[in-house]
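First up is the structure itself, then whatever we jot down about it.
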Amino acid sequence: MDTGFINSFREYQKAGNLWIDLNPLTKLSVCFALAFSTLVMRDYRYGIPLCLVLCLVAALTGKFKEFITLFGRLCLIIIIFVTFIRQIGMRTGNVTPLISIFGWQWYLESFIRGWDTISFILGFSGTLLLFFTTTPMRDLMYAFEQKGVSHETSFIMLASMQNIVDLKKASVTILESQKSRGIETDGNILVRAKAFFPTLGPLILAAIASTEQKAIAMDARAFSVQRKHTFLRELAPATQSEKIFSMAAWVWLAGTIVYKLYPFVLKLLA
Amino acid sequence: MAKIELKNVTYKYPFTRDFALKDITYTFNPGKFYGIIGENGGGKTTLCNLIRGLIPHFYKGKLKGDAIVNGIDIRDWDLGELSAQIGYVFENPFTQISGIKPTVFEEVAMGLENLGVPKEEIIEKVMNVCKLLKIEELITNNPNELSGGQRQRVAFASIISMDTEMLIIDEPTSQLDPEGTEDVFEIIKTLKRSDKTILLVEHKIDMIAEYCDEIIVMKEGGIAFAGPTHEILGNAQIMEAGAMMPQVAIFGHEMQKAGKPLAVIPITLSEATAQVKKRREDNVH
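Chains A and B are the protein sequences, given in the same order.
The numbering of the first sequence is this note's numbering, which starts it at 9 and goes up by one.
The numbering of the second sequence is this note's numbering, which starts it at 386 and goes up by one.
See below:
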């Protein structure tokens, strides 16, 4: 038997990485403070460096590929969408023509404004994405349970995540069986939709049936017993330095607010 | 030790017309291995659900009569506390995995965590059960990625680790391939050596014949036959109640019809072999 693995339950779970080993609530707190700071700043000179920092943290935690796959897609969608919207919406007033593509004039100001919006959306969502990429859901729920969230809520959250995976697998199985019976499942979007929608019925019915059985199975594991639970897998509580780190992030957020409000206050005082 | 007394129990599921259990009176004594057989829809699973307390706590419906578990009426039991007394393994290996634990070791430990067992005790118990059920090699695997047979082993391990006084095993092999079925047979063989009260619902009659002390034949919600395994499985009338007889018992009856009776109707292959061998040695043809 793998004694190293078994002994790992006798101590706090550690991954050996500074960021990953932070208490999930400390990480959540820091990420929220940073995410909100991008909302306050709304400036590409703040948002873009932050995105680079997020990529760096992801790389240092060994989760870069996972992070960049999602973040890259997000960047692509947001950049295209916001740039077009800004170009359409900002065509009058004091604007500087930049380039003309197929007779369509692009303006410098709309680019800058567009990048301000893009950087705050990407900064905000990227920070949260980094959190979820580097924090296993079970660790987050464990931390919440330690703070008084019920065992049931924690289970529902974790089971829902697994259900998504299970339903996806079941959907693929149904589509494969349809394919083996000669039904066209590959092709253009219409063909795919025609093959997919009939699978929803059996998929939903199977999900309902398995939910009942899962409830019985969980009951067999004493899930509903009203006793204090033991946690086989434990995470270290937040240390003093983690608390200071978390606080520093919120001081940073407060700093960005002051920085933004300062010109208005000066104007008011004048 | 778990003792269960059923007195005139009648039950109907919600929104149904027919009774799923009809006037059942029976006592399950501690330490015995019971086999429940009979046709589909005969009430076997409903009987298990009742003893496990899912009726009337989970499935409401209409329950009459008394079902007493360790001296307490089933209606008065807290379902969570009852799970610490009676373990339940059922047919679908895919829905018995919690889906929230990343390794088999943690999956097996889940019931003990819920019961608040101290951590060191959990580790010891889980290690022992994994050894007993020969799943040591799987402890670091993701339970969601196991085969049906492996999942069923993990489901057994999860319940056995809770060390309940009684175990209800409802058609554990019905969704398994031959290899997975063999695995379950092996577990049941191990359980037979314990002093637990076991209720096994199973269609594989040879397995029932091999391990059970007593047999209950159910038909249309009632008990058609009940008694010691040899007496029941050697009785050809159980086939009229929709139950199957072991092949060797049918062979024994055929021998009887042919005027060449065996000393007793065999119900297991080893018994039949021994009797045929004896006949040959005695030179009886």
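All residues carry an ideal CB built from backbone N, CA and C; glycine is no exception.
Predicted, not measured: the structure shown is a model, and the values here were computed from it.
- Task: Taking all protein chains shown into account, decide if G131 of chain A is buried (16 or more other Cβ within 10 angstroms of its Cβ) or exposed.
- Result: Classification of G131 of chain A: buried, given that the 10 Å Cβ count is 16 or more.
- Query: Can the beta-carbon of M547 of chain B be found less than 8 Å from the beta-carbon of L497 of chain B?
  - Reply: M547 of chain B is a Cβ neighbour of L497 of chain B, given a cutoff of 8 Å.
- Roughly how many angstroms separate the alpha carbons of N414 of chain B and I389 of chain B, rounded to a whole number? In a straight line, the C-alpha of N414 of chain B is about 7 Å away from that of I389 of chain B.
- Looking at the C-beta of T238 of chain A, does it have a partner C-beta in chain B at a distance below 8 Å? Answer yes: the Cβ-Cβ gap between T238 of chain A and chain B drops below 8 Å somewhere.
- Message: Please state the DSSP three-state secondary structure of P144 of chain A.
- Response: P144 of chain A: coil per DSSP, three-state reduction.
- Between B:A494, B:G612, B:D408, B:G534, which lies nearest to K447 of chain B when the distance is taken from Cα to Cα? For the residues B:A494, B:G612, B:D408, B:G534, the minimum Cα distance to K447 of chain B belongs to B:D408.
- Report yes or no: do three or more beta-carbon pairs, one from the stretch 550-564 of chain B and one from the stretch 587-594 of chain B, lie closer than 8 Å? A contact exists between the stretch 550-564 of chain B and the stretch 587-594 of chain B.
- Give, in chain order, every unbroken run of the beta strand (DSSP E) that is at least 3 residues long and sits entirely within the stretch 524-591 of chain B. With a minimum length of 3 residues, the continuous beta strand (DSSP E) runs that stay inside the stretch 524-591 of chain B are 551-555, 582-586.
- Is the distance from the Cβ of L42 of chain A to the Cβ of A178 of chain A below 8 Å? Between L42 of chain A and A178 of chain A, the C-beta spacing is not below 8 Å.
- Query: Cα-Cα, which of B:R536, B:D568, B:I471 is closest to G416 of chain B?
  - Reply: In terms of CA proximity to G416 of chain B, B:I471 leads the group B:R536, B:D568, B:I471.
- Item | Proximal chain A residues relative to A469 of chain B, where beta-carbon distance stays under 7 Å | Going along chain A in sequence order, the residues near A469 of chain B (Cβ under 7 Å) are A230, V233.
- Query: By the 10 Å Cβ neighbour count, where 16 or more other Cβ atoms means buried, how is A215 of chain A classified, buried or exposed?
  - Reply: Exposed, by the Cβ-count rule.
- Query: Using DSSP with H/G/I as helix, E/B as strand and the rest coil, what is E74 of chain A?
  - Reply: E74 of chain A: helix per DSSP, three-state reduction.
- Output, in chain order, the set of chain A residues within a Cβ distance shorter than 9 Å of K504 of chain B. Simply F17, R18, T238, F239, L240, E242.
- Query: Where does K177 of chain A fall in DSSP's three states?
  - Reply: Reduced to three states, the DSSP call for K177 of chain A is helix.
- How many angstroms separate the CA atom of F475 of chain B from the CA atom of F204 of chain A? Near 32 Å, if we compare the C-alpha coordinates of F204 of chain A and F475 of chain B.
- Message: Could you give the first and the last residue of the continuous alpha helix (DSSP H) run that contains L269 of chain A?
- Response: Run containing L269 of chain A: 248-277, per the alpha helix (DSSP H) assignment.
- Within its chain, find whatever has a CB closer than 7 Å to the CB of T77 of chain A; leave out the 5 residues flanking it on each side and keep chain order. The beta carbon of T77 of chain A sits closer than 7 Å to none of the beta carbons in its chain outside the five residues before and after it.
- Query: Between the beta-carbon of G122 of chain A and the beta-carbon of T91 of chain A, is there less than 8 Å?
  - Reply: Yes, these two residues count as a Cβ contact at 8 Å.
- Query: Looking at the C-beta of K222 of chain A, does it have a partner C-beta in chain B at a distance below 8 Å?
  - Reply: By this cut-off, K222 of chain A is an interface position.
- Message: Taking CB distances under 8 Å as the criterion, tell me whether P487 of chain B reaches chain A.
- Response: Taking Cβ atoms only, chain A reaches closer than 8 Å to P487 of chain B, which makes this a yes.
- Item | Coil, strand or helix - Q632 of chain B by DSSP | The answer is helix: DSSP assigns Q632 of chain B an H, G or I state.
- Could you list the residues in the stretch 400-416 of chain B with a C-beta less than 8 Å from some C-beta on chain A, going in chain order? So the list is empty, because no residue satisfies the distance condition.
- So is the beta-carbon of T135 of chain A under 7 Å away from any non-hydrogen atom of the ligand SAH? The model on display carries no ligand, and the ligand SAH is accordingly not part of it.
- Message: Suppose the cutoff is 8 Å on Cβ atoms and the five residues either side in sequence are ignored; what does the same chain contact list for F163 of chain A look like?
- Response: Result list for F163 of chain A: M226, F231, in chain order.
- Item | Residue nearest to T658 of chain B in terms of C-alpha spacing, selected from B:F636, B:P441, B:A542 | Checked all of B:F636, B:P441, B:A542; the closest Cα to T658 of chain B is B:F636.
- Task: Could you give the DSSP three-state label for D463 of chain B: helix, strand or coil?
- Result: Correct three-state label for D463 of chain B: coil.
- Query: For the candidate residues A:L274, A:L276, A:L269, A:T264, whose alpha-carbon lies nearest to that of G55 of chain A?
  - Reply: Of A:L274, A:L276, A:L269, A:T264, the smallest CA-CA separation from G55 of chain A is found for A:T264.
- Three-state secondary structure (DSSP) of G122 of chain A: Here G122 of chain A sits in helix by DSSP.
- Query: Going along chain D in order, which residues have a C-beta closer than 8 Å to the C-beta of F443 of chain B?
  - Reply: Included in the structure are the protein chains A and B, with no chain D among them.
- Determine the extent of the alpha helix (DSSP H) in which E498 of chain B is found, giving its start and end residues. It spans 489-499 - the alpha helix (DSSP H) in which E498 of chain B sits, taken as one unbroken run.
- Message: Distance check for D568 of chain B and R538 of chain B, CA to CA, integer angstroms please.
- Response: Distance between the alpha carbons of R538 of chain B and D568 of chain B: 7 Å.
- Task: In angstroms with no decimal places, state the Cα-to-Cα distance between K73 of chain A and A67 of chain A.
- Result: If I take the Cα positions, the gap works out to 8 Å.
- Message: On the CB-based measure, 16 or more other CB atoms within 10 Å of its CB, does I545 of chain B come out buried or exposed?
- Response: Taking all protein chains shown into account, I545 of chain B has 16 or more neighbouring C-beta atoms within 10 Å of its C-beta and is therefore buried.
- Query: When DSSP labels each residue in this structure, what does A151 of chain A get in the three-state scheme?
  - Reply: Look at A151 of chain A here: in three-state DSSP terms it is helix.
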